[in-house]
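Below is one structure; the comments refer to it alone.
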Amino acid sequence: MIKLVRGFKDILPADTALWQHVEGVVRELLEDFGFAELRIPVLEQTELFARSIGAGTDIVEKEMYTFTDRGGASLSLRPEATASVVRAYVEHRMYAKDPVCKLYTIGPMFRRERPQRGRYRQFHQINAEIFGLHDPRTDAELILLLMTFFGRLELGSVALHINSLGCPECRPRFKDALKLFLAGRPEEFCSDCLRRKDENPLRLFDCKVPDCKEAMQEAPSILDDLCEACSTHFDDVKRSLDRFQIPYQINNRLVRGLDYYTRTTFEVLGESLGAQDAVAGGGRYDGLVKALGGPNEPGVGFAVGVDRLMELLAGRAQDFEKRPHIFVAAIGETAQDMAFEWVQGLRLQGVRTEMDFENRSLKSQMRRADKLGASYVVIVGDRELDEGVAIFRDMATKEQEQVVLQEVVGTAVDRIRTSTVGGES
Ligand code: ATP
Ligand code: MG
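Sequential numbering from 11 applies to the sequence shown in my numbering.
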């Protein structure tokens with residue numbers, strides 16, 4: 011038997027209803043916040059990721075699925091979405107129409123990491139990006155959107171961490187301070203960290219090796235080195251979060267896996283997730299659009315890790331499973347033909363309806379209706395046909411009533427509409 015590729019997974023029908031629910035909630039919210047959907051390919055020129063994510067990052071150094079295509083081009087499966095979204099913003103000159111542009115995209119990402127709980131080689135993200143706005147309220151607006159989303163999903167306990175990474179003005183000063191700190195303790199770091207410590211010392215905050223994490227606890231804080239503009243920007247973001255009573259923790263160890271981040275960075279942690287606890291991350295990347303050949307427009311965005319989000323929602327899948335509203339149990343050829351017409355009529359009116367084409371016994375059809383979780387069963391056999399009625403059975407209350415054959419479809423539609431008013435069922 012041929013099996014799944016390691017680190018990849020199937021999302022089975024028992025879970026897809028929950029995925030659809032989550033996507034439905036976030037799409038509605040994103041659109042209320044003024045975002046439009048952008049659909050981008052999963053494959054890009056390798057160069058795009060090398061230039062945007064940064065050559066000295068784990069992602070580019072060792073996690074990308076890169077191959078040479080038959081024409082000789084180096085292509086990579088996208089490890090994240092921001093680079094592609096920026097490419098599209100620049101390539102289609104979206105900025106010329108309106109520099110302020112709010113885009114979202116939902117889809118799979120690919121990273122060849124070590125598979126473990128919360129870490130897959132194909133995983134899914136919801137991405138939101140805002141271009142063209144410097145105002146710190148923009149950063150806060152994205153965080154607000156994210157926390158509202160998690161609130162609507164009734165996610166329970168999550169923690170928001172925020173930090174500022176400064177800008178090209180003040181970050182070099184901090185990098186120097188950091189290099190000085192690192193130079194004094196080479197024995198405490200892993201080989202990757204030692205290799206990156208001069209070129210890209212901020213990366214060391216992102217290392218997952220426990221000893222490196224421990225050693226970095228004593229590193230200087232970037233927040234002490236922010237220039238006045240960055241400091242004011244960060245204060246304004248915090249003030250906006252306070253205004254909407256969004257609790258947050260300042261975490262001066264928080265960096266992002268990409269090199270182009272400036273100023274605000276944030277992460278949302280799910281407390282029950284174990285070692286891979288980040289369920290979303292984001293921040294400002296004011297230099298990226300320009301670096302990818304576009305105008306000097308700022309950007310800010312986030313990515314939600316949907317697979318980890320699903321883990322936080324585990325156990326809720328059956329709440330969203332789509333069960334039939336009506337199961338028609340028909341016995342005998344004539345009744346089956348009539349039932350087939352009802353089924354089609356009901357489906358056309360948006361009523362989820364099932365029947366059994368195999369003409370099994372009433373008992374076995376009732377068992378199937380029960381197993382599928384139908385709300386009502388409509389029973390029709392020879393005796394009912396003679397009397398010109400069908401039996402309506404409410405599967406929750408077990409109450410039964412007779413409905414004349416001509417009114418079966420209308421009655422079923424009415425029942426379902428009244429029982430689903432105010433919510434999906
Ligand atoms: P981590 O620190 O957990 O590796 P990251 O900083 O690499 O995360 P980002 O690039 O910020 O992750 O991606 C945003 C979100 O995507 C993460 O917060 C996480 O929820 C999710 N994510 C990242 N990598 C994976 C993966 N390999 N499998 C599942 N989800 C992932
Ligand atoms: Mg990672």
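Just so it is clear, CB atoms sit at the ideal spot from N, CA and C, and this is done for glycine as well.
Asked, Found
"Can you tell me where the alpha helix (DSSP H) holding Asp149 begins and where it ends?", "Pro146 to Arg162"
"Using DSSP bridges, identify the partner residues of Tyr114.", "Glu47 and Ala138"
"For the putative contact between Glu41 and Ala313, defined by C-beta atoms under 8 Å, what is the C-beta separation to the nearest angstrom?", "Rounded, the Cβ-Cβ distance is 18 Å, inconsistent with contact."
"Mind reading off the beta-carbon distance from Leu175 to Arg273? Whole number of angstroms is fine, and I expect it under 8 Å.", "6 Å"
"Of the choices Leu415, Asp287, Asp380 and Glu343, whose alpha-carbon is the least far from that of Arg127?", "Asp287"
"Does the ligand ATP have a heavy atom nearer than 7 Å to the CB of Glu351?", "no"
"Between Arg129 and the ligand ATP, is there a pair consisting of the residue's CB and a ligand heavy atom that are separated by less than 7 Å?", "yes"
"For the beta strand (DSSP E) holding Glu33, just list the boundary residues, first then last.", "It is not in any beta strand (DSSP E) - Glu33 instead sits in the alpha helix (DSSP H) that spans Pro23 to Asp42."
"Determine, using beta carbons only, whether Leu319 and Leu155 come nearer to each other than 8 Å.", "no"
"Confirm the yes/no value for this check: CB of Arg162, any heavy atom of the ligand ATP, distance under 7 Å.", "no"
"Can you give me the Cβ contacts of Pro109 inside the same chain, cut-off strictly under 8 Å, excluding the 5 residues immediately before and after it?", "Phe141, Gly142, Pro305 and Glu307"
"Any idea what DSSP makes of Ala98, helix, strand or coil?", "helix"
"Tell me where the alpha helix (DSSP H) around Ala187 begins and ends.", "Arg181 to Ala193"
"With 16 other CB atoms within 10 Å as the buried threshold, where does His102 fall?", "exposed"
"Which runs of the alpha helix (DSSP H) fall wholly inside the segment 200 to 246 and span at least 4 residues, in chain order?", "201 to 206 and 220 to 226"
"Tell me whether the segment 200 to 210 and the segment 359 to 374 touch, counting them as touching only if at least three CB pairs, one residue from each stretch, are closer than 8 Å.", "no"
"Going by beta-carbon coordinates alone, are Leu170 and Ile256 separated by less than 8 Å?", "yes"
"Using alpha carbons as the reference points, say which of Met157, Ile136, Phe244 and Tyr386 lies closest to Arg37.", "Ile136"
"Counting beta carbon pairs with one atom in the segment 320 to 335 and one in the segment 23 to 33, are three or more of them shorter than 8 Å?", "yes"
"So what's Glu325 in DSSP terms, helix, strand or just coil?", "Residue identity check: residue 325 is Gly in the sequence provided, not Glu. Here Gly325 sits in coil by DSSP."
"By Cβ distance below 8 Å, which residues in the same chain neighbour Glu343 in space, the five residues on each side in sequence not counted?", "Asn369"
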